[in-house]
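Residue numbers (my numbering): 1 to 404.
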Ligand SMILES: Cc1cc2nc3c(=O)[nH]c(=O)nc-3n(C[C@H](O)[C@H](O)[C@H](O)COP(=O)(O)OP(=O)(O)OC[C@H]3O[C@@H](n4cnc5c(N)ncnc54)[C@H](O)[C@@H]3O)c2cc1C
């Protein structure tokens with residue numbers, strides 16, 4: 001049995017500590033914060049979407065997404081459920097295979113994982129920022145105050161750059177760069193989008209249910225349905241976050257990205273057109289801005305009129321083509337994506353330590369023996385829906401099970 005240091009008491013670090021301690025290793029975890037798993041409280045909107053029924057390698061991205069295959073084969077959905085049931089968390093499956101604790105409280109996951117780690121006797125060192133890792137004569141970590149700890153193996157589980165106030169501020173990349181690792185350029189994932197501005201500032205805070213599509217060669221692709229939240233920079237909401245990975249990958253490859261918003265998802269375009277024609281005939285005296293009240297959220301009316309570059313005139317003056325264009329704009333509001341929010345706003349960091357330098361079966365560094373790398377710090381990011389936490393668990397499991 002060996003002495004193992006884990007840097008970072010986030011999702012992957014705590015998971016690795018439990019599996020290693022169950023196997024009888026001496027496990028020391030160094031965490032810069034005053035408590036473990038700070039980020040987990042914020043996951044899944046405070047409910048912690050900790051896995052997904054449909055875990056597949058297709059849900060992961062990076063220069064080599066097949067890197068995840070071995071780890072998720074050995075620790076897939078079933079294994080995740082077994083582990084969490086075993087520590088007292090009953091699963092609840094909601095939409096799209098997303099799995100949460102039945103309590104719908106992320107704090108339950110933090111509590112049960114930490115009770116398990118403490119019961120097993122994992123040694124946690126809080127307020128302990130690791131500033132250097134050394135493998136010269138001894139394998140050791142050096143803390144911010146120059147106190148040193150030695151071990152046989154060192155696991156880096158310091159996360160990426162998402163939500164830096166939780167402790168994952170990207171310093172882990174430096175720790176590993178100093179040991180010879182290279183970094184695939186990072187960018188945010190599962191993040192809000194910046195849009196070409198159609199008076200959006202004025203409707204910031206407005207939320208509507210709707211479909212969002214990516215437009216490819218003038219065709220709607222990659223549809224998502226959820227609340228769409230307009231903000232002063234663009235759009236947010238679950239569907240936007242879900243689609244953001246695809247959008248950002250497109251933008252980074254130099255494509256112009258257009259999205260389409262269906263602002264009236266509960267009615268078909270031809271029915272809407274028919275209804276508008278009748279309504280505008282019966283209410284011909286009303287201005288367009290008045291006639292649309294009761295059909296769409298009134299905050300959006302001015303935006304639509306400006307989008308179409310129409311005058312706000314009495315609807316009796318509108319041609320059939322004008323009315324057709326109005327129903328089209330409401331069902332297929334196209335807007336260019338001009339950017340996205342920063343790494344600290346994203347839910348995950350895409351890019352990171354190159355997976356070419358990590359053994360996919362053991363998570364051991366191919367550059368430095370006895371060094372292991374797990375979780376989000378490496379060039380793997382998952383889709384929205386429990387895939388990122390699952391990667392933290394699965395990579396921790398692969399690493400911990402390889403250490404005898
Ligand atoms: C708002 C939000 C919501 C999310 N919701 C979900 C969700 O519902 N489902 C899902 O699957 N994923 C979700 N994620 C993503 C998921 O939380 C992460 O992918 C996952 O936590 C990564 O685990 P990790 O162990 O690699 O890193 P982290 O959980 O980020 O842990 C890293 C730890 O290392 C510590 N650390 C860093 N540097 C040092 C150092 N030098 N010395 C000591 N300690 C250090 C940090 O303080 C931190 O505690 C969400 C993320 C965010 C930001």
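Note that the Cβ used here is the ideal one computed from N, Cα and C, for glycine as well.
Compare the C-alpha of residue i against each of the options and name the closest.
{"i": "residue 399", "options": "286, 259, 380 and 365", "result": "365"}
{"i": "residue 259", "options": "293, 331, 286 and 324", "result": "331"}
{"i": "residue 287", "options": "15, 266 and 317", "result": "317"}
{"i": "residue 300", "options": "146, 234, 65 and 202", "result": "202"}
{"i": "residue 171", "options": "389, 383 and 376", "result": "376"}
{"i": "residue 89", "options": "106, 74, 344 and 273", "result": "106"}
{"i": "residue 167", "options": "39, 242 and 384", "result": "39"}
{"i": "residue 58", "options": "384, 268 and 401", "result": "384"}
{"i": "residue 370", "options": "21, 152 and 16", "result": "152"}
{"i": "residue 307", "options": "328, 290 and 95", "result": "328"}
{"i": "residue 248", "options": "186, 208 and 110", "result": "186"}
{"i": "residue 181", "options": "382, 367, 404 and 263", "result": "367"}
{"i": "residue 294", "options": "178, 264, 71 and 321", "result": "264"}
{"i": "residue 42", "options": "221, 380 and 109", "result": "109"}
{"i": "residue 282", "options": "87, 315, 79 and 345", "result": "315"}
{"i": "residue 164", "options": "37, 122 and 116", "result": "37"}
{"i": "residue 238", "options": "75, 285, 66 and 96", "result": "96"}
{"i": "residue 83", "options": "61, 68 and 117", "result": "117"}
Three-state secondary structure (DSSP) at residue i?
{"i": "residue 48", "result": "coil"}
{"i": "residue 209", "result": "strand"}
{"i": "residue 37", "result": "coil"}
{"i": "residue 226", "result": "strand"}
{"i": "residue 390", "result": "helix"}
{"i": "residue 153", "result": "strand"}
{"i": "residue 365", "result": "strand"}
{"i": "residue 134", "result": "strand"}
{"i": "residue 238", "result": "helix"}
{"i": "residue 384", "result": "coil"}
{"i": "residue 339", "result": "strand"}
{"i": "residue 303", "result": "helix"}
{"i": "residue 286", "result": "coil"}
{"i": "residue 379", "result": "coil"}
{"i": "residue 84", "result": "helix"}
{"i": "residue 164", "result": "helix"}
{"i": "residue 253", "result": "coil"}
{"i": "residue 112", "result": "helix"}
{"i": "residue 260", "result": "strand"}
{"i": "residue 3", "result": "strand"}
{"i": "residue 57", "result": "helix"}
{"i": "residue 333", "result": "strand"}
{"i": "residue 142", "result": "strand"}
{"i": "residue 200", "result": "helix"}
{"i": "residue 177", "result": "helix"}
{"i": "residue 216", "result": "strand"}
Sorted by chain position, which residues of the same chain lie with C-beta nearer than 7 Å to residue i's C-beta, five sequence neighbours on each side aside?
{"i": "residue 150", "result": "138, 139 and 140"}
{"i": "residue 378", "result": "352, 353, 355 and 358"}
{"i": "residue 319", "result": "none"}
{"i": "residue 16", "result": "6, 155, 157, 374, 396, 399 and 400"}
{"i": "residue 276", "result": "323, 326 and 327"}
{"i": "residue 169", "result": "161"}
{"i": "residue 386", "result": "49, 50, 51, 52, 98 and 99"}
Here's a check: name, in chain order, each residue in its chain whose Cβ is nearer than 6 Å to the Cβ of residue i, leaving out the five neighbours to either side.
{"i": "residue 245", "result": "189"}
{"i": "residue 33", "result": "167"}
{"i": "residue 102", "result": "90 and 92"}
{"i": "residue 70", "result": "360 and 361"}
{"i": "residue 112", "result": "87, 88 and 89"}
Within a Cβ cutoff of 8 Å, which residues of the same chain sit near residue i, ignoring the five residues on either side of it in sequence?
{"i": "residue 85", "result": "91"}
{"i": "residue 223", "result": "211, 212 and 213"}
{"i": "residue 142", "result": "130, 131, 132, 133, 134 and 148"}
{"i": "residue 206", "result": "229, 230, 297, 299 and 300"}
{"i": "residue 269", "result": "327, 328, 331 and 332"}
{"i": "residue 312", "result": "287, 288, 289 and 305"}
On the premise that residue j lies in contact with residue i, defined as a C-beta separation below 8 Å, what is that separation, rounded to the nearest angstrom?
{"i": "residue 337", "j": "residue 241", "result": "Wrong, their Cβ atoms sit about 13 Å apart, outside the cutoff."}
{"i": "residue 348", "j": "residue 160", "result": "7 Å"}
{"i": "residue 343", "j": "residue 184", "result": "That belief does not hold up - the Cβ atoms of residue 343 and residue 184 are roughly 14 Å apart, past 8 Å."}
{"i": "residue 199", "j": "residue 335", "result": "With a Cβ gap of about 11 Å, residue 199 and residue 335 do not count as contacting."}
Is the shortest distance between the beta-carbon of residue i and the beta-carbons of chain C less than 8 Å?
{"i": "residue 304", "result": "Here chain C cannot be found, since the structure has a single protein chain."}
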